[in-house]
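Asks:
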Amino acid sequence: MSYENIKSIILTILVVTSVLLTWNLWTYQPNFERIEKEANTVQEVTIAEKKEVNQIVRPDTLLFHLGEKQTFGTVSPDEINKVITEISDWNFADFEDITEEAGILPSFVHNEGKAVLAFPDSVPIDLYKSVIKIGDKNLADFQFDHIVIDTRQTGKKEGIVDFVSLDNRQVYRSHVPVSFIQNFKSQYFNLSEYNPEYRAYLAYKPSDKRTIYLPAQDTKMPRYQYLEKKLDSEQYKNALFSDPSVVQKSFQQSEDEYNDTLSLLRVNSDKNTLRYIKPAAGDNPVFPSGDLLKRSIDYINGHSGWTDNYQFAEIDEVNHKIVFRMYESSGYPIFSDDPKISEIRQIWGQNEIYEYVRSNFQLGLSTEPPTDVSLSSGKRVMEYLLGLDGLDPELLEDVRLGYQMMLVKEAQTTFIRMEPSWFYRYEGTWKSISLDETGGMNNGLE
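Position one of the sequence shown corresponds to residue 35 (this note's numbering), numbered consecutively onward.
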């Protein structure tokens, strides 16, 4: 065999080998063992439920000023929801700052012909864009605590809706198609005095800064009692710590204590509270203050922590604090001697939560039929308050009906009692008026 033949054979073998290797590479499928996702994936902690912004940030009072000294109002969630649903499609546009021309704001807000949606505290407009339609691309960054619909503009080309902040003394005016205002006036405003869910309200003006509206007549409210349903501390440990596997648990007197050297969770069975704190978060947030409320809602949604009917109640931007308060199903706020059992409180540090405080229980089954309690008219309550020694009317911020939450322990069972009462906010603090402080009658205020 010649040298040339040998080279040809070797070259042919190399070519065939190369083709086979290439084919194997193209068609090779490795036989990996199946990896179970469940074994290596951290499962999301779901304590109760998530909620949308419109379920948490909402008005708690609706007032219709039909005429001079003729105001009808309601706290009914159903009636307020109807109005929010109605205005959510209005397409608010052409916002302008009209603070200078508004004059004295309480009078501006509560003029004849205006419908007023009152929120418990200041709401960032950027957050509320997820609830209502806003067609203004260059919208200024502002806050509001009242939405005021002017029903007197129905004969003009455009309707007017004002977003008012009594706290910041500021008014932003928006414009909507007048047909929406016309429909709103005929369906809601004009019919409010015939709607059994609405009641006559009277006005009290403690100062030029605010006007307080109260039911003009006596009010009947049911008294409730529930079983306490304890929340699972282990679920909160898994939800709040970044790596639950390294968290150590100890018992200190009446407290279960969890810590991972950076954070601490204490669940107190005597005080019925849960407190999580992360000192490393610091106390100087680097995010805009307008994000404070959104971050707070997102944080609780992150572990589906809305165990009861909580709603946005207070914002303190200076101290980076947000409060969500429990509300009874008829729309009345719930208070307690220790606010931590009827509220969720958050304080924010740099980009993360610094402190998170709430109760360690939720409302369980009702244990007895509700019984009605008769509470005094707004006029009688104001007479009582103004007669208190040392009370400065100008420091009186709000007066309203609500529920006093009390925990009663009998043997091995804890009951949650909801007692109807009047409450007033004075110098930033809510205080109750006990049922017999004004000479009670029929187990209620007279």
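Idealized CB from N, CA, C, for every residue including glycine.
These numbers were taken from a predicted model, which means no experiment stands behind them.
If you run the structure through DSSP and keep just helix, strand and coil, what is Leu274?
Replies: By one-based count along the sequence shown, residue 274 stands at place 240. Correct three-state label for Leu274: helix.
Asks: Whole angstroms is fine: what's the gap from Lys465's alpha carbon to Thr80's?
Replies: If you number the sequence shown from 1, residue 465 lands on position 431. If you number the sequence shown from 1, residue 80 lands on position 46. Whole-angstrom Cα-Cα distance: 34 Å.
Asks: State buried or exposed for Ala174, treating a residue as buried only when at least 16 other CB atoms are found within 10 Å of its CB.
Replies: Mapped onto the sequence shown, residue 174 falls at position 140. Classification of Ala174: exposed, given that the 10 Å Cβ count is below 16.
Asks: Answer yes or no: do Gly193 and Phe178 have a C-beta to C-beta separation smaller than 8 Å?
Replies: Residue mapping note: residue 193 aligns to position 159 of the sequence shown, counting from 1. Residue mapping note: residue 178 aligns to position 144 of the sequence shown, counting from 1. For Gly193 and Phe178, no; Cβs fall outside 8 Å.
Asks: Is it a yes or a no for the stretch 434-441 touching the stretch 358-376, going by three-plus beta-carbon pairs under 8 Å?
Replies: yes
Asks: For Asp304, which residues from the same chain have a beta carbon less than 6 Å from its beta carbon, with the 5 sequence-adjacent residues on both sides left out?
Replies: What you label residue 304 is simply residue 270 of the sequence shown in a count that begins at 1. Cβ within range, chain order: Ser288.
Asks: Do Tyr235 and Phe106 have their C-beta atoms within less than 8 Å of each other?
Replies: Here residue 235 corresponds to residue number 201 of the sequence shown, with the count starting at 1. Here residue 106 corresponds to residue number 72 of the sequence shown, with the count starting at 1. Yes, the pair counts as a contact, with Cβ atoms nearer than the cut-off.
Asks: Where does Asn385 land, buried or exposed, given buried means 16+ other C-beta within 10 angstroms?
Replies: Residue numbering aside, residue 385 sits at position 351 when the sequence shown is read from its first letter. So Asn385 ends up on the exposed side.
Asks: Checking the sheet assignment: what are the DSSP bridge partners for Arg207?
Replies: Along the sequence shown, read from residue 1 onward, the residue named residue 207 stands at position 173. In DSSP, Arg207 forms a bridge with Glu130, Asp196.
Asks: CA-CA distance, Ser468 and Leu419?
Replies: Taking the sequence shown and counting its residues from 1, one reaches residue 468 at position 434. Taking the sequence shown and counting its residues from 1, one reaches residue 419 at position 385. Cα-Cα distance, rounded: 12 Å.
Asks: Which residue spans inside the stretch 260-311 form an unbroken alpha helix (DSSP H) run of at least 4?
Replies: 267-274
Asks: Out of curiosity, what's the CA-to-CA distance linking Lys312 and Glu291?
Replies: Counted from its first residue, the sequence shown places residue 312 at position 278. Counted from its first residue, the sequence shown places residue 291 at position 257. C-alpha separation (whole angstroms): 14 Å.
Asks: Are the beta-carbon atoms belonging to Lys254 and Asp406 less than 8 Å from one another?
Replies: Counted from its first residue, the sequence shown places residue 254 at position 220. Counted from its first residue, the sequence shown places residue 406 at position 372. Yes. Within cutoff.
Asks: When the distance is taken between beta carbons, is Pro367 closer than 8 Å to Asp94?
Replies: Along the sequence shown, one-based indexing puts residue 94 at 60. Along the sequence shown, one-based indexing puts residue 367 at 333. In contact: Asp94 and Pro367 (Cβ atoms closer than 8 Å).
Asks: My output table needs one value for Ser156: the three-state DSSP class, helix, strand or coil.
Replies: The count along the sequence shown starts at 1 and reaches residue 156 at position 122. Ser156: strand per DSSP, three-state reduction.
Asks: I'd like to know whether the C-beta atoms of Thr341 and Gln269 end up nearer to each other than 8 Å.
Replies: The sequence position of residue 341 within the sequence shown is 307, counting from 1. The sequence position of residue 269 within the sequence shown is 235, counting from 1. Against a cut-off of 8 Å, the Cβ pair of Gln269 and Thr341 comes out as no contact.
Asks: Taking only three categories from DSSP, how would you classify Lys71?
Replies: On the sequence shown, residue 71 is found 37 positions in, with the first residue counted as 1. With a pLDDT of only 40 at Lys71, under the threshold of 50, the placement of this residue in the model should not be trusted; the figure read from the coordinates follows. In the structure shown, Lys71 sits in a helix (DSSP, three-state: H, G or I).
Asks: Assuming contact is defined by CB atoms lying nearer than 8 Å, are Leu147 and His180 in contact in what I supplied?
Replies: Taking the sequence shown and counting its residues from 1, the one referred to as residue 147 is at position 113. Taking the sequence shown and counting its residues from 1, the one referred to as residue 180 is at position 146. With the sequence shown as reference, residue 147 is identified as Gly, and Leu is not the correct amino acid for it. No; because the gap between Cβ atoms is not below 8 Å, this pair is not in contact.
Asks: Please tell me whether Asp160 and Gly324 are closer than 8 Å, where the distance is taken between their beta carbons.
Replies: The residue you call residue 160 lines up with position 126 of the sequence shown. The residue you call residue 324 lines up with position 290 of the sequence shown. Going by C-beta atoms, Asp160 is nearer than 8 Å to Gly324.
Asks: Have a look at the DSSP bridge pairing and note the partners of Val212.
Replies: Along the sequence shown, one-based indexing puts residue 212 at 178. BP columns for Val212 are empty, so no partner.
Asks: Quick one, which of Gln204, Arg207, Asp184 has its alpha-carbon nearest Phe223's?
Replies: Within the sequence shown, residue 223 is the residue found at index 189, counting from 1. With distances taken between Cα atoms, Phe223 lies closest to Asp184.
Asks: Can you have a look at Ile375 and say buried or exposed, based on whether 16 or more other CB atoms are within 10 angstroms of its CB?
Replies: Along the sequence shown, read from residue 1 onward, the residue named residue 375 stands at position 341. Per the 10 Å Cβ criterion, buried.
Asks: Tell me the residue span of the beta strand (DSSP E) that contains Thr105.
Replies: One-based indexing of the sequence shown puts residue 105 at position 71. Element bounds for Thr105: 104-108.
Asks: For the candidate residues Lys271, Asp294, Ser330, whose alpha-carbon lies nearest to that of Val481?
Replies: In the structure as shown, the chain begins at 35 and stops at 480. Residue 481 is therefore absent and cannot be evaluated.
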